[in-house]
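Comments concern the structure below.
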Amino acid sequence: MKDRCIVSAAIGAKYRTEFQSMRWHVEKHCSNDHDIIHWDDYPPGCPTQQQRQYAFKIYAIADAIQRGYRRVLWMDIVYMPQGSIDALWAVVARQGWYIPTQGDAVLGNWCSDACLEVFGLSRDEAMTVPLCYSGLVGLDLDHRTGQHIWELWQLAYERGAFQGPHRNEPGEPIHAWGHKTAGHCSDDPRCMGHRQDESALSAILYRLNLKPETAGVLGDCIKMHVRKPSANF
40 MKDRCIVSAA
50 IGAKYRTEFQ
60 SMRWHVEKHC
70 SNDHDIIHWD
80 DYPPGCPTQQ
90 QRQYAFKIYA
100 IADAIQRGYR
110 RVLWMDIVYM
120 PQGSIDALWA
130 VVARQGWYIP
140 TQGDAVLGNW
150 CSDACLEVFG
160 LSRDEAMTVP
170 LCYSGLVGLD
180 LDHRTGQHIW
190 ELWQLAYERG
200 AFQGPHRNEP
210 GEPIHAWGHK
220 TAGHCSDDPR
230 CMGHRQDESA
240 LSAILYRLNL
250 KPETAGVLGD
260 CIKMHVRKPS
270 ANF
């Protein structure tokens, strides 16, 4: 068995065509020294998105690790590689992880009060923390730093740091907002919403004195065609 894999999920029929396109691009443009694990339903024991937001990502990565893969790359189905991703794997091998930044967005605009409390952060401090993009997360589980990030991300999920509405509507109960949710995140007007798994991951990197990768590796070396991450929904 290969020791590294790409993990993705397209839960529900409406995402399957997009996944097939992503897989075709991966198989055509990327080296074949990794496996692809794809979920078109929730991993065993995983709560639904309505029950626990982005639990499927934690469960899917955990499944890959349990299967014996030591280098794991979560790749959202919006990614359509246009060339080799060897540069990304090289970063993972060198430092134990790869997580890109999300433009000039900051955690303070995209984190609930409850999540800040989990990490012992003030809103002012969070306004200095870069927001990462969790659609592309590479981890080396044999590297101390990669293992530490993974352990803390799981712990943050278990402590409820992922939970919260996408759009902040102070004082309002959580309700549907298109395919997402809106409701109370904070009374602070700087908070525009909560970014669930990536809010937690951004806080983890900050607590570990790590900064997400800039666009250089992603844009200049990997040559991905993707809907650009944005601070706006």
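According to my numbering, the stretch in the sequence shown is residues 40 to 272, in order. We put the CB at the ideal spot given by N, CA and C, even for glycine. Keep in mind it's a predicted model, so treat the numbers as computed, not measured.
Would you mind sorting LEU112 into buried or exposed? The rule is 16 or more other CB atoms within 10 Å of its CB.
Here residue 112 refers to the residue found at position 73 when the sequence shown is read from its first residue. It is buried - the Cβ of LEU112 has at least 16 other Cβ atoms within 10 Å.
Along the alpha helix (DSSP H) that carries ALA165, what are the first and last residues, could you check?
As a working mapping, residue 165 is identified with position 126 in the sequence shown. Unbroken alpha helix (DSSP H) run through ALA165: 162-165.
Should GLY51 go down as buried or exposed, given a rule of 16 or more other Cβ atoms within 10 Å for buried?
By one-based count along the sequence shown, residue 51 stands at place 12. Burial call: exposed.
Any idea what DSSP makes of GLN202, helix, strand or coil?
Within the sequence shown, numbered from 1, the residue matching residue 202 stands at position 163. Three-state DSSP puts GLN202 in coil, outside helix and strand.
Have a look at GLY84 and ASP125 and give me their C-alpha separation to the nearest angstrom.
Taking the sequence shown and counting its residues from 1, one reaches residue 84 at position 45. Taking the sequence shown and counting its residues from 1, one reaches residue 125 at position 86. GLY84 and ASP125: Cα-Cα distance of roughly 33 Å.
Could you pull the DSSP bridge partners for SER47 from this structure?
Taking the sequence shown and counting its residues from 1, one reaches residue 47 at position 8. SER47 is bridged to HIS77.
Any contact between the segment 134-145 and the segment 166-177? By contact I mean 3 or more CB pairs, one from each, below 8 Å.
yes
Which same chain residues, not among the five before or five after ARG246, have their C-beta less than 6 Å away from its C-beta?
On the sequence shown, residue 246 is found 207 positions in, with the first residue counted as 1. Answer for ARG246: no residue qualifies.
Identify, in the order they occur along the chain, each residue of the same chain with its Cβ nearer than 8 Å to the Cβ of GLU252, setting aside the five sequence neighbours on each side.
In the sequence shown, residue 252 corresponds to position 213, counting from 1. Once the five neighbours on either side are set aside, the close Cβ partners of GLU252 are VAL130, TYR137, ILE138, PRO139, THR140.
Among SER70, CYS44, PHE201, which one has its Cα closest to the Cα of ALA101?
Stepping through the sequence shown from its first residue, residue 101 is reached at position 62. Here the closest residue by C-alpha is CYS44.
So GLU242 and GLY203 are in contact, right, with Cβ under 8 Å, and what is the actual spacing, rounded?
As a working mapping, residue 242 is identified with position 203 in the sequence shown. As a working mapping, residue 203 is identified with position 164 in the sequence shown. The sequence given here places Ala at residue 242; Glu does not occur at that position. The Cβ separation is near 13 Å, so there is no contact.
If you count every other CB in all the chains shown that lies within 10 Å of the CB of GLN24, and 16 or more means buried, which is it?
Since the first and last residues shown for the chain are 40 and 272, residue 24 lies out of range.
Ordered along the chain, which non-local residues of its own chain (more than five positions away) have a Cβ less than 6 Å from that of GLN186?
As a first step, residue 186 is located in the sequence shown; it is residue number 147 there, counting from the start. Around GLN186: LEU180.
With H, G and I counted as helix, E and B as strand and the rest as coil, what does DSSP make of GLN59?
One-based indexing of the sequence shown puts residue 59 at position 20. Note: GLN59 maps to helix in three-state DSSP.
Taking C-beta to C-beta, are MET61 and ILE116 nearer than 8 Å?
Position 22 of the sequence shown, counted from the start, is the residue given in the question as residue 61. Position 77 of the sequence shown, counted from the start, is the residue given in the question as residue 116. Contact: yes.
By Cβ distance below 7 Å, which residues in the same chain neighbour ASP42 in space, the five residues on each side in sequence not counted?
Within the sequence shown, the letter at position 3 stands for residue 42. Closer than 7 Å at Cβ, skipping near neighbours: TYR108, ARG109, ARG110.
I'd like the list of long-range same chain contacts for ARG162, defined as Cβ closer than 6 Å, with 5 residues on each side in sequence excluded.
Counting from 1 along the sequence shown, the entry for residue 162 is found at position 123. Within the same chain, ARG162 has close Cβ partners GLY147, ASP227.
In or out: ALA195 buried (at least 16 other Cβ within 10 Å) or exposed?
Counting from 1 along the sequence shown, the entry for residue 195 is found at position 156. The residue in question, ALA195, is buried, as its Cβ has 16 or more Cβ neighbours within 10 Å.
Helix, strand or coil: which one does DSSP assign to GLY222?
Reading the sequence shown from its first residue, position 183 is the one you call residue 222. Here GLY222 sits in strand by DSSP.
The beta strand (DSSP E) spanning HIS214 covers which residue range?
Counted from its first residue, the sequence shown places residue 214 at position 175. Residues 214-216.
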